[in-house]
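Asker:
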Amino acid sequence: MSISKSRVKTSFTKAIKSYENHIYVQKQTAVKLSELSKDLEGFGIDLGCGTGILSTLLDKNVIGLDISFSMAKSYKDKNLKVVVGDIENIPFKANTFDFAVSNFALHWTNLEKSFKEISRVLKKEGKFLFCMPIENSFKVVEEILGEKNFDFVSVETLLKMLSYNFDIQYLETKEYNLEFKSGLDLLLHLHLTGSSVGKVGSTVGEKRKIYKKFSSYKKPLTLNFNVVFIKAVNLQS
């Protein structure tokens, strides 16, 4: 997804006070990731850790990494160790971690750069467990705007990028849905969760056009999340 890091950082920083109370799907996916994490041992890193939803469920020796200082502070307030940094340039030496996890964060990054970095900081045969929304998510947003605002990757493309550094052990796709009374309710939700950082809407004029399109959508609607869960083993040393 072609999105600037500064916009991602700003959007999630602004959403810090409301974020944890509105990430309904992310909480569900965190539970599923924790169920898939039983075989993860040693020292790990939670990539795009946010406020610590996943790390607290894991109950493992893990350090968080997030690009937003505010998110990192909230994570630290839960008595968890955290570093402010970028998944595309992880501030740790090679072969540092036994495992890496990530819940709903990697789609905000350049995936090829991120996967290369994750492989670098993982030990050989280290585990990589993550989930992220993929192609055919947010269909109703595309319907309202009349264009794609989020370029979610396909499973096929994702697997091709992973194949250079990882061996896939587990893959599952699952759809989650959230119901809203109107387009404005949906737009508010996107802002409250820091998700309103798609390709368009960077200028005042564009934001007004987006608001008008969402406000004109008066009927109930469903926001869908097509999510992939993957567990892989690092092939590099």
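To convert, note that position 53 of the sequence shown is 53 in the UniProt record's numbering; the numbers rise steadily by one, no gaps. By construction, the Cβ of each residue, glycine as well, lies at the ideal position given by its N, Cα and C atoms. Model, not experiment: these values are computed from the prediction.
1) Grouping DSSP H, G and I as helix and E and B as strand, with all else coil, what is G194?
2) Among the residues of its own chain, which have a CB less than 7 Å from the CB of Y176, if the five just before and after it don't count?
3) Straight-line CA distance for S154 to P133?
4) For F229, does the three-state DSSP call read helix, strand or coil?
5) Name the two residues that bound the continuous beta strand (DSSP E) containing S34.
6) Please classify N234 as buried or exposed, where buried requires at least 16 neighbouring CB atoms within 10 angstroms.
7) Quick check on the burial criterion: 16 or more other C-beta atoms within 10 angstroms. Buried or exposed for G205?
8) Does the beta-carbon of G114 have 16 or more other beta-carbons within 10 angstroms, so that it is buried, or is it exposed?
9) Taking the DSSP output, what are the residues bridged to S102?
10) Could you compute how far the alpha carbon of Q169 sits from the alpha carbon of A232?
11) Taking the runs of the beta strand (DSSP E) that are 3 residues or longer, which of them lie wholly in the region 147 to 197?
Answerer: According to the data block:
1) It is coil, neither helix nor strand.
2) Hits under 7 Å: V25, Q28, F225, V227.
3) Between the alpha carbons of S154 and P133 lies a gap of roughly 9 Å.
4) In this structure, F229 counts as strand in the three-state DSSP scheme.
5) For S34, no beta strand (DSSP E) encloses it; the enclosing alpha helix (DSSP H) starts and ends at 24 to 35.
6) Flag for N234 reads buried.
7) With fewer than 16 other Cβ atoms within 10 Å, it is exposed.
8) Per the sequence shown, the amino acid found at residue 114 is Ser instead of Gly. Burial call: buried.
9) Note: S102 sits in a beta bridge opposite F130.
10) Looking at the two C-alpha atoms, the distance is approximately 5 Å.
11) Entirely contained in the region 147 to 197, the beta strand (DSSP E) runs reaching 3 residues are, in chain order, 166 to 180.
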